[in-house]
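The numbering of the sequence shown is our numbering, which starts it at 374 and goes up by one.
Have a look at the structure below, then the notes.
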Amino acid sequence: MLFEEPDMAELPQITVSSRDLARLEQLLESPELRRHPAAQALTGELNRATVLPPEEMPADVVTMNSQVTCVDESTGERHAITLVFPRDADAATGKVSVLAPVGSALLGLSVGQGIDWPGPNGRVLKLRVESIQYQPEAAGNTGA
Numbered sequence: 374m375l376f377e378e379p380d381m382a383e384l385p386q387i388t389v390s391s392r393d394l395a396r397l398e399q400l401l402e403s404p405e406l407r408r409h410p411a412a413q414a415l416t417g418e419l420n421r422a423t424v425l426p427p428e429e430m431p432a433d434v435v436t437m438n439s440q441v442t443c444v445d446e447s448t449g450e451r452h453a454i455t456l457v458f459p460r461d462a463d464a465a466t467g468k469v470s471v472l473a474p475v476g477s478a479l480l481g482l483s484v485g486q487g488i489d490w491p492g493p494n495g496r497v498l499k500l501r502v503e504s505i506q507y508q509p510e511a512a513g514n515t516g517a
């Protein structure tokens with residue numbers, strides 16, 4: 374099944390750090406990802422994001438390597454995840470790739486924001502960020 378673009382008018386505002394943007398753009402330039410639907414979805418998200426320097430990133434925004442609790446509003450299930458680059462993904466420890474539907478959906482959202490995002494098997498993920506336990510930028514980890 375092909376990825377269906379969400380309606381841009383219904384998408385919440387997102388914020389991405391310039392450091393995350395640079396790293397993600399480098400990842401997305403790889404030939405094996407260019408035409409991958411998940412990579413195209415992530416590219417769309419990055420294209421609509423407000424970009425800030427890492428040191429100006431609000432502490433309530435989901436960035437790469439953030440540890441967050443989100444709620445699937447369709448089921449009420451809570452999930453504790455860490456948003457990571459694909460090479461670091463490990464479902465057993467809650468490390469979710471930014472290229473996974475949940476990862477692409479959460480990147481750049483603020484606490485309290487929600488998004489409807491195309492998920493696996495045609496299911497729509499209705500995710501809301503409940504809390505952020507750790508954000509690298511808030512912890513002072515703004516270096517390269």
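For each residue, glycine too, the CB sits at the ideal point set by N, CA and C.
Please confirm whether residue 500 and residue 479 have their CB atoms less than 8 Å apart. yes
Does the distance from the CB of residue 444 to the CB of residue 454 come in under 8 Å? no
List the residues that DSSP assigns as beta-bridge partners of residue 441. 454, 505
State the DSSP-derived secondary structure class of residue 425, mapped to helix, strand or coil. strand
Option in 395, 432, 446 with minimal Cα separation from residue 440: 432
Cβ-Cβ distance between residue 475 and residue 504 below 8 Å: no
Verify whether the separation of the beta carbon atoms of residue 404 and residue 486 is less than 8 Å. no
Counterpart residues of residue 487 in DSSP-defined beta bridges: 501
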